[in-house]
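Going letter by letter, the sequence shown gives residues 1005 to 1270 in the numbering used here. Ideal Cβ placement from N, Cα and C applies to all residues, glycine included. Remarks on the structure that follows.
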Amino acid sequence: MIRDITLGQYYPGNSVIHKLDPRVKILAALLYIVALFVVDNFSGFIVAIVLLEAVIIISRVPRKYIWRGLKPVLIIIAFTLIVNIFMVRGEVLWQFGVLHITREGLRTAAFVGIRLVLLIIGSSMLTLTTRPIGLTDGIEALLSPFKKIGLPAHELAMMMTIALRFIPTLLEETDKIIKAQQARGADFESGNILRRAKALIPILVPLFISAFRIAQDLAMAMEARCYGGDVKRTRMNAMVFARRDLIASIIFCAFLALIVLQRVLL
């Protein structure tokens, strides 16, 4: 289950999506997320699905790898769907005691489920097709106009990228701790919810210690290399806004405009 989380991981490739400017991909991901929350009809979701499908095909990222990232959050999605199905009031279609299913509840649950799935896959495509250093440079470039008001753009970009980059590392460390505890006879699957939560304590304590150790090692490595933020800092590969970036920007802006237009007219 832990190894199935793909958020923060990079899938090497040479596709057009991989070659896009990181700034374009970050803004495109933000526009896609905004569009998902603007959508209020199924036709809008169809447009969002078609666009995401096109991105997946062009990027050549394996579908099994993408869908594998949904497994860890299936429980959360299922819980959200159940809550919406049974808690939303409206035209009752089925009732048993205090439990009831309404037409509005089914519609809301379908909207929430589709929106969550598209949101997770769309966000994962950003990290799957962009190198961590590219994310850092892209975020810093987008935040650089705010330096005039004292915003530490480089430091914020570095912290966000390090957080994404070390998600797979911490997940791997968690997997090692779980296997080590199970080898010593620990049981994480039997018992009620309180017992399972209590059983997680032997995992959380060494995980926090390991996280602080990794952070300390990283800080010492950066200091040993005289890392000084963006002071007189140069880049080996400069970001260039190419023709493909302009085409991608136009496509995603047109997508957002179409979604907004659908909401206004339909």
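Query	Result
Taking C-beta to C-beta, are Leu1056 and Gly1117 nearer than 7 Å?	no
List the endpoints of the continuous alpha helix (DSSP H) containing Gln1266.	1247 to 1269
In its own chain, which residues sit with a C-beta less than 6 Å from the C-beta of His1104, not counting the 5 before and 5 after it?	Val1096
Can you check DSSP and say which residues form a bridge with Ile1105?	Trp1098
Could you check whether the region 1122 to 1139 touches the region 1060 to 1078, counting it as contact only if at least three pairs of C-beta atoms, one from each stretch, sit closer than 8 Å?	yes
In whole angstroms, what is the alpha-carbon distance linking Ala1058 and Leu1139?	22 Å
Just verifying my parser: in three-state terms, what is the DSSP assignment at Leu1211?	helix
What separation, rounded to the nearest whole angstrom, lies between the Cα atoms of Ile1251 and Phe1259?	12 Å
Evaluate Tyr1036 with the Cβ neighbour count: other Cβ atoms within 10 Å of its Cβ, from every protein chain shown; 16 or more gives buried, anything less gives exposed.	buried
Which residues in the same chain have their Cβ closer than 7 Å to the Cβ of Ile1137, if we skip the five residues on either side of it in sequence?	none
Leaving aside the five residues before and after Ser1148 along the sequence, list all residues of the same chain whose C-beta is less than 6 Å from its C-beta, in chain order.	Ala1157
According to the neighbour-count rule (16 or more other Cβ atoms, all chains shown, within 10 Å of its Cβ), is Thr1178 buried or exposed?	buried
Give me the Cα-Cα distance between Leu1262 and Ala1215, rounded to the nearest whole angstrom.	44 Å
Could you tell me which uninterrupted alpha helix (DSSP H) segments, each at least 4 residues in length, are contained entirely in the region 1014 to 1072, listed from first to last along the chain?	1020 to 1023, 1026 to 1042, 1046 to 1063, 1067 to 1072
Compare the C-alpha of Tyr1014 against each of Pro1076, Leu1269, Leu1122, Pro1066 and name the closest.	Pro1066
Smallest Cα separation from Ile1089: which of Val1038, Leu1123, Lys1151, Thr1106?	Thr1106
Exposed or buried, what is Leu1265 when buried is set at 16 or more other beta-carbons lying within 10 Å of its beta-carbon?	exposed
By how many angstroms is the C-alpha of Thr1134 removed from the C-alpha of Arg1188?	40 Å
Which stretch, first to last residue, makes up the alpha helix (DSSP H) that contains Ala1145?	1136 to 1147
At what residue ranges does the region 1159 to 1208 contain a whole run of the alpha helix (DSSP H), taking only runs of 4 or more?	1171 to 1187, 1197 to 1203
Within 10 angstroms of its Cβ, does Thr1165 collect 16 or more other Cβ (buried), or is it exposed?	buried
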